[in-house]
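Colleague: What follows is a single structure, and I will ask about it in a moment.
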Amino acid sequence: MVPTVPPAVSPHRRPPRGTVRAYFRNIRLALSTAFDGMSVTMSYMFRRPLTIQYPDKIDKPVQEMLPESYRGVLEVDMDRCTVCLQCQKICPLGCINIESCKNPETGNREVTKFDIDIGLCMYCGLCAETCNFDALDHTREFEATVTTPDQMILHFVEKPREVTKLKAAEMPVRKHKGSILQKMIPAFGRRHPQEVWTPTAYAAAPVPALKAPTATPKPAAPVASAAPSAADSPTPEQAP
Amino acid sequence: MTESEICDRLKAALPDAVEEFESQLLDPAIRVKPARLVEACRFLRDDPSTRMHYLRLVTGVDRLPAGETPGRIEMVYHLWSYEKRHGIVLRVHLDRDNPVADTVCGVWPVANWGEREAFDLLGVTFTGHPDLKRIMMPVDWVGHPLRKDYQRPDRYHGLPTNRTAVLEQGRVQVATAEHVAKAEPVSGYMQLNMGPHHPATHGVINFLIETDGEVLRRAIPDVGYLHRGIEKISEMVGYLGTMPYTDRVDYLGAMFTNHGWALAVEKLCNIEVPRRAEFCRVIASELNRIASHQIATGALAMDLGAFTPFLHWIREREKINDIMERICGARLTYNYMRFGGVSRDIDQVTIDEIRRWLDHYEPMMLEFDRLISGNEIFIRRLANVAVIDPDDAIAYGLVGPNLRGSGLAWDVRRDEPYSIYNEFEWDVITGTGVHGVVGDAFDRYDCRLREIRESVRILRQACERIPEGEVRTKTARIKPAANEVYTRVEGPRGECGFFVVSDGTDKPYRSRFRTGSFTAMTIIEHLSPGLMIADLVALIGSLDVLAPEIDR
Amino acid sequence: MNIMHYLADLLVRSLFKADPATWPYTWIAYAVVIGVGALLAFAFVAIFAGPVTWIERRIAGRIQSRIGPNRNGPQGCLQWLADGIKCWLKEDLVPATADKPLYLAAPYLVFTGMFGAFVVLPFGAHVIAADLNVGLLYILAVTSLVVVGLLMAGWGSNSKWALFGGVRSAAQLVSYEVPSAFSLMAVVLMAGTLSTQGIVGAQGGWPWQWFVFRNPFLFAAFIMYFISAIAEGNRTPFDLPEAESEIIAGYNIEYSGMRFLFFLFAEWANMWIMAAVATLAFLGGWQIPGISPERIAEAKGWTFVGWQALSFAIFVFKGTCLVFTIIQIRWTLPRLRVDQLMITCWKYLVPLSMGSATGVLLLMALVREGGIVDWVMRGAMLLVGLLVAGAYIRKVRATFMADRDNYKKMEGRDLWYPPYRLP
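As given, the protein sequences belong to chains A, B and C, one line each in that order. Here my numbering is used: position 201 in the first sequence is 206, and no number is missing along the way. Here my numbering is used: position 395 in the second sequence is 1136, and no number is missing along the way. Here my numbering is used: position 111 in the third sequence is 112, and no number is missing along the way.
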């Protein structure tokens, strides 16, 4: 056998000889250890509690207390996105859904859809890691409460837009992390509290599919308009 | 002994049992005839030159018919000898249409659940098995999900099985009485379902207990409530895509499942890890081990009625979570390891923070001892309760602190070294029977507490000696050649093994996660007779079982 | 003559100008006064038991490095009211298979048992509902009614977990009655009476006049009474009947709404009873230091009222300190196992409490009260008490100091956060 340690008895707890001694030793130990434990708990009456009182009684928003590396809700800076589809390919869950097409008038590639289903996303960070252009990244936003499941799909492209042809170095500076998402966040849950969710609204909403490029000549209308909520929502950050 | 020597030894003893020695694999395997399997197993266990008392893993691989070769199901048995420090893989080929094998439960009791899982997920029938029924899937499930040609049914009792359908339906139907299998009365004793939502079962586990007043006649664990089929998922999402799923296997020790998976793929693809990345891995892992052991010891105290120690440990764990958030961006599901390194570097600010936290934490450990470990009531509740002797511990496949609690000095970090653990100065902790006999519940608890101290030692050295350099080697596309590998790391719940079968594509052909909780559960039924209900709670707590790790 | 008797007579005399001894309707006046008294006691129970739930949660919060409920009302002080109203409004569920009469009656029986004890608690020099000459015996007897209620709840629920809880609590309460009665017997021997006022009257205002510091046997009896009182009140470390991690909630698992509230109500009311009995029997009750009971009785007008109020305050203060200790014990210690619970009772507390009663008897026979030996004993016991308190404070301070500097380095903030600072 592998080295087996013989039963050792620690010096301060030597088993007592005789039952009478054991009897009184038990009483002494029970009282003294309880006394010891109570002195520990008593000291906590004078020590600072750990709790912070989220969400109202705090000095600054929790988002600002989180480290930069925090993996919160994903956001895309469409000015830097080249629609290379790396993120869509690497996502283990298929929660990123990108569609692009060629505009027949200008001949440029246009991205018609960049949806991220944050209800499906597991915040693993593989997509952000694989993005070579710093377009897709995690923010420190985490309060993504919504009232209906279709709101969990973030539409980063509201209407078709040209895909950038610039090299990484020439691209506009990455917008401040979280600024794009913060504009969309009012849509999280607080937009139409009275709205009743119907299963058909979800069925009409896009289901993440792996086939991305479609060659439709007419730029598709934002699919999310099927959901009545999306029509009058504040539009996400548009191209300058 | 090397694998080929073991094979020769087996051949000499049972000449007609061995079919082939597969030495081309990373873990060389002996293929034996299905009819002689039990004999071969018993020989390897009892022979003085092999003495493989520990069945590390029992699992199956489904091979579809390819061209001329007919389809088959391979049962794989990973054996290990603690005494001789060698191991071997046994393998039997079964007919795919009617896979029948003899059970090895009589040789190693731990095979019980492994074979049940193979029966459930692969459809292999084991003759002579004492309790052959489904373990993960519901009893009336049709089909065997890990078969390669398995088609998932869209509905189960009217409940949709995919996400879109759930959303379409809008609400999930509540299971009616006819969905619930009626338990037959077994005896005249009081029967109780302890779980699946019982405060002391550490997640959704059910114990069917039979009691005579307060004293248990037996407790039968019933698992599978958290089965998410992560092994099946891994066959679909590829090697890197599985990494975030390994977080979910063991959410208290995600760093270790990450590490094990990374090691498996690195071994398959021969990827080197930079030195700084190894340090990052060790620092993150040891922090995670402390956090996990804190939950284990704190939850045990909570199960015994002391709520405060648990929250004190939660407070310290919050600090670890904060540090982890800095290191890898998440508090629980780290997804930190990558093939050939780690995802992010640990900067100097974080290392200083870890140091400052360690300074604060060391007195806290003494305080915790005063608060609960030294408490006479607590000691009396755990000492001499549910004693596991070393032979039982090995036979039932206990690993990690549960095994060391029984007095066996075995730590994967030291004895089958991986990463850079052998560069640090630390001790393997074993149970010493401080307040009772070796192997009682208090020893397992004590082992975890003292292991926290060792982790602190390792952390201090690692923070001191971390070198400069890269944290990730550039890797080509992960596409290992057809092979099989089994790697293990020492997780907080013991040996955390990853059995991966690759087939030359970018997705694993089959993977099996060997977790400490899964095997620890098998011993509960064996230990339970004669315990009290309160002792069962202490036993579950001291084994530190974790539902997602059991069910995967 | 107690205050209620006096008030009833006063009522008859002043309102009806009749002699209460001969007036035929005196009993109506008595009934009215008793009714009002019961209502006041009930109000005390409600007002005490309610906020104590909140106080306990706040204390538990601090002990566990948390904050505790602080949202309803200033610092959450109306939390108990919100909880009570919530429970009141909830549906009163009765399991289909329950034994209905037993199930429905159990909470009230439990509550009655607790509430009955309030009759003989002397809150002040004359603030007592009825000064029975068998006061302590009455408390022991009437609180035993709780056992019946708990058993009824456990059996009537027709749930296995509830049955476990009920049977556990019956076994526990019946066992622990014995040591608590024996410990109180030591006091009864000293005081020579079972009347609660008589026991308080036999002590004095100063600590060395309290029974707890009178001699070592009474000191031991106090500790033993305190332990068995905790056990009778189903508090940790003896909370087996409601052990959350073993039998989920125990006898009250099937209850909801108001009936559930009554169980909780009884639990916290019982905590106060335990503390009050310990106070009156060992800690001098309402006795004001330096003021003899005779002076209070002879006082007239506002002085009388003032002294009553002061004695009431002293009694409640002592009781609250003990309640705090009980709460702190609950949040410190783990729970015993069933067999250990019985061992603690029958092997340790019962023989030792019998021994302490015998010891008190011997000392009473051997040592003259007020003699030198008596005073030396009192001084020594007081010294022991002070030493224990000193050691406690030192330990608390050492625990605090062990973390102070490291915490400052780690968090950049002071660790010091006194109890009166409420976040």
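Just so you know, even glycine gets a beta-carbon here, dropped at the ideal spot from N, CA and C.
State the beta-bridge partners of N102 (chain A) as determined by DSSP.
Modeller: Note: N102 (chain A) sits in a beta bridge opposite A:D120.
Colleague: Below 9 Å between beta carbons: does that hold for V817 (chain B) and A776 (chain B)?
Modeller: No, they are not a contact pair.
Colleague: Going along the chain, which residues of the segment 1224-1241 of chain B sit with their C-beta nearer than 9 Å to a C-beta in chain A?
Modeller: The segment 1224-1241 of chain B vs chain A, Cβ under 9 Å: nothing.
Colleague: Distance, Cα to Cα, G112 (chain A) vs V168 (chain A)?
Modeller: In a straight line, the C-alpha of G112 (chain A) is about 11 Å away from that of V168 (chain A).
Colleague: How should S160 (chain C) be labelled, buried or exposed, when 16 other C-beta atoms within 10 angstroms of its C-beta is the threshold for buried?
Modeller: Buried.
Colleague: Alpha carbons only, please: which of C:F318, C:A187, C:V148 and C:A232 is nearest the one belonging to R336 (chain C)?
Modeller: Looking at the Cα atoms, C:A232 is the closest of the given residues.
Colleague: In chain A, what lies closer than 9 Å to E1108 (chain B) by C-beta?
Modeller: Under the 9 Å cutoff, chain A gives V45 and S48.
Colleague: For E1290 (chain B), which of helix, strand or coil comes out of DSSP?
Modeller: DSSP places E1290 (chain B) in helix when its eight states are reduced to three.
Colleague: Output, in chain order, the set of chain B residues within a Cβ distance shorter than 8 Å of D404 (chain C).
Modeller: Result: H1101, P1104, M1105 and E1108.
Colleague: For the ligand ATP, is there a heavy atom less than 8 Å away from the beta-carbon of A842 (chain B)?
Modeller: By its list of ligands, the structure shown contains no ligand whatsoever, and the ligand ATP lies outside what it can speak to.
Colleague: Between which residues of its own chain and P123 (chain C) is the CB-CB distance below 8 Å, once the five residues before and five after are set aside?
Modeller: So the list reads I129, D132, T197, Q198, V201, L281, G286, W287 and F316, once near-sequence residues are dropped.
Colleague: Name, please, each residue of chain B whose Cβ falls closer than 8 Å to the Cβ of I231 (chain C).
Modeller: Simply none; closest approach about 13 Å.
Colleague: Specify whether the segment 118-137 of chain A and the segment 94-103 of chain A touch according to this definition: at least 3 beta carbon pairs, one from each stretch, less than 8 Å apart.
Modeller: At 8 Å Cβ cutoff, the stretches touch.
Colleague: Should P940 (chain B) be flagged as near chain C, meaning a C-beta pair shorter than 9 Å?
Modeller: Interface residue, yes.
Colleague: At a cut of 8 Å, does the segment 15-29 of chain C reach the segment 235-248 of chain C through at least three beta carbon pairs?
Modeller: No, the segment 15-29 of chain C is not in contact with the segment 235-248 of chain C.
Colleague: Measure the Cβ-Cβ separation of V830 (chain B) and L820 (chain B) and say whether it is below 9 Å.
Modeller: Going by C-beta atoms, V830 (chain B) is nearer than 9 Å to L820 (chain B).
Colleague: Give the C-beta separation of H1176 (chain B) and I1120 (chain B) to the nearest angstrom, bearing in mind that I take them to be a contact with Cβ-Cβ under 8 Å.
Modeller: Indeed, because the Cβ distance is near 5 Å, the residues count as touching under 8 Å.
Colleague: Closer than 7 Å by C-beta to A1 (chain C): which residues in its own chain qualify, once you throw out the five before and the five after it? Chain order, please.
Modeller: There is no way to answer for residue 1 (chain C), as the model of chain C reaches only from 2 to 424.
Colleague: Taking all protein chains shown into account, decide if H181 (chain A) is buried (16 or more other Cβ within 10 angstroms of its Cβ) or exposed.
Modeller: Result: exposed.
Colleague: Is N159 (chain C) helix, strand or coil by DSSP?
Modeller: In the structure shown, N159 (chain C) sits in coil (DSSP, three-state: anything other than H, G, I, E or B).
Colleague: Any residues in the segment 334-362 of chain C with a beta carbon nearer than 8 Å to a beta carbon of chain B? Which ones, in chain order?
Modeller: Here the close residues are L334, P335, R336, L337, R338, V339, D340 and Q341.
Colleague: Leaving out five residues before and five after M742 (chain B) in sequence, what residues of the same chain have Cβ atoms less than 8 Å from its Cβ?
Modeller: Only R750, S790, T791, K825 and H827 meet the Cβ criterion.
Colleague: Cβ atoms of I1291 (chain B) and V851 (chain B): under 9 Å apart, would you say?
Modeller: Against a cut-off of 9 Å, the Cβ pair of I1291 (chain B) and V851 (chain B) comes out as no contact.
Colleague: Taking all protein chains shown into account, do 16 or more other C-beta atoms lie within 10 angstroms of the C-beta of E1205 (chain B), making it buried, or fewer, making it exposed?
Modeller: Exposed: under 16 other Cβ atoms inside 10 Å.
Colleague: Just reading off the alpha helix (DSSP H) that H1053 (chain B) is part of, what are its end residues?
Modeller: Element bounds for H1053 (chain B): F1048 to C1069.
Colleague: Say whether the segment 1156-1166 of chain B touches the segment 867-874 of chain B, bearing in mind that this needs 3 or more beta-carbon pairs closer than 8 Å, one atom from each stretch.
Modeller: The segment 1156-1166 of chain B, when compared against the segment 867-874 of chain B, does not touch it at the 8 Å Cβ threshold.
Colleague: Does the segment 942-961 of chain B come close enough to the segment 263-277 of chain C to have 3 or more Cβ pairs within less than 8 Å?
Modeller: With the cut-off at 8 Å, the segment 942-961 of chain B and the segment 263-277 of chain C do not touch.
Colleague: Within the continuous alpha helix (DSSP H) that includes E134 (chain A), where are the two ends?
Modeller: Run containing E134 (chain A): L131 to T135, per the alpha helix (DSSP H) assignment.
Colleague: Can you find the residues in the same chain that come closer than 6 Å, C-beta to C-beta, to L364 (chain C), ignoring five residues on each side of it along the sequence?
Modeller: Here the set comprises N216.
Colleague: Rounded to the nearest angstrom, what separates Q892 (chain B) and D84 (chain C) at their Cα positions?
Modeller: Each residue's alpha carbon lies about 51 Å from the other.
Colleague: Are A39 (chain A) and E1117 (chain B) closer than 9 Å when you measure CB to CB?
Modeller: Closer than 9 Å, so yes.
Colleague: For the alpha helix (DSSP H) that contains M47 (chain A), what are its first and last residues?
Modeller: Its alpha helix (DSSP H) spans residues T24 to S48.
Colleague: Does A381 (chain C) pass the burial test, meaning 16 or more other C-beta atoms within 10 Å, or should it be called exposed?
Modeller: Exposed.
Colleague: Compute the Euclidean distance between the alpha carbons of V397 (chain C) and M47 (chain A), then round it to the nearest angstrom.
Modeller: Looking at the two C-alpha atoms, the distance is approximately 6 Å.
Colleague: So, with DSSP's three-state summary, where would you put D1130 (chain B)?
Modeller: D1130 (chain B) falls in the coil class under three-state DSSP.
Colleague: Please classify Q58 (chain A): does DSSP put it in a helix, a strand, or coil?
Modeller: Strand.
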